[in-house]
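Encoded as structure tokens, the structure appears first; notes follow it.
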Amino acid sequence: MLASAGRPKLLGEVVADLQRQTVEDFTLVLSVPDQASLPPQPLPAGTLVVHDRGLAAQRNAGLAAVPDATHVFCFDDDAVVREDFLEQGVAFFDAHPEVVALTGRVLLDGATGDAITREAADAALEASRDEPLTGEWERRRELYGCNFGFRPDAVAGEQFDARLPLYSWLEDHDFARRCMRHGTVARVHDCVIVHRGVKSGGRTAHGRLGYSQVMNPAYLHHKGSFPLWLTVYETLPRVGKNAVRAVRGPEAEWRRERLRGNLLALRDVARRRFTPERILDLDA
806 MLASAGRPKL LGEVVADLQR QTVEDFTLVL SVPDQASLPP QPLPAGTLVV HDRGLAAQRN
866 AGLAAVPDAT HVFCFDDDAV VREDFLEQGV AFFDAHPEVV ALTGRVLLDG ATGDAITREA
926 ADAALEASRD EPLTGEWERR RELYGCNFGF RPDAVAGEQF DARLPLYSWL EDHDFARRCM
986 RHGTVARVHD CVIVHRGVKS GGRTAHGRLG YSQVMNPAYL HHKGSFPLWL TVYETLPRVG
1046 KNAVRAVRGP EAEWRRERLR GNLLALRDVA RRRFTPERIL DLDA
């Protein structure tokens, strides 16, 4: 399943990549807010297209389109997926029935720095093909949103929290915490991708993102998904970084916008208002 908004070229690339998977018996689901978000090239036969707005809501719409799916794999539109990801993922689930959800090994990640070029992504994946399959894995408490899979029956039909709107900050982490109630969450070395980390869309709406950086962890703690330590861990470093870098430097302007969003959310939390949806009322 691919959820995307306003990035038709990127979506078209990952759709083409998935057609090269070594497993062919799967249903491709695209969840987009509008027709303009779809790639310009014809879609593969059998592709299902559903519509909603906001990452969590879009993923839920995708799940509703395939109610009988035995395995669901979700990728971001800027993920570059190695050809055997689905094959290795399904095989791992079959070999480890205690595992209810998995995330793969990310060779390169542009999320925290400069975006990875397509050429660099392809080169990294090509080099990884010479590595032997190891079967290695470890328990995790997170599913990295750019690539993860789960067995719907094993997680008792858990869905994504649609109260987290737009880019749904921490929706993957929340989903992982709820999956852990049903079994093991794993990071699997033989499921390999590159996350390009292309900067556009919601992450550039800095006031909204700043609000979500504080409100979403507080809301997830309030509903019982996040323990207090995790809420603090997900909040304080980001607020601190925004405060320090808002003073001067090349990031100062947009860091100030994020900090304003942080402070607005802190005020709401202090009033016991747990309202992640409020970003919809903030200026983008």
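The numbering of the sequence shown is the working numbering, which starts it at 806 and goes up by one.
The C-beta atom is built at its ideal place from N, Cα and C for all residues, glycine as well.
Excluding five sequence positions before and after glutamate 941, the CB atoms of its chain that fall closer than 6 Å to its own CB belong to His994, given in chain order.
Beta-bridge analysis with DSSP links asparagine 952 to Phe880. When DSSP states are grouped into helix, strand and coil, histidine 1000 belongs to the strand group.
Under the three-state reduction of DSSP, leucine 848 is assigned to coil, being neither helix nor strand.
Note that the C-beta distance between arginine 1001 and isoleucine 921 is below 8 Å. Excluding sequence positions up to five before and after leucine 823, its CB lies within less than 7 Å of the CB of Leu833 and Val886, all in the same chain and listed in chain order. Put simply, the segment 924-937 does not touch the segment 1015-1026. Fewer than three CB pairs are less than 8 Å apart.
In the three-state scheme derived from DSSP, where H, G and I count as helix and E and B as strand, histidine 1027 is classed as helix.
From the listed residues Leu1035, Thr827, Leu1014 and Thr1080, the smallest Cα separation to leucine 1064 is found for Leu1014. The criterion of a C-beta distance shorter than 8 Å is not satisfied by leucine 868 and serine 842. The alpha-carbon of aspartate 899 is positioned some 12 Å away from that of phenylalanine 955.
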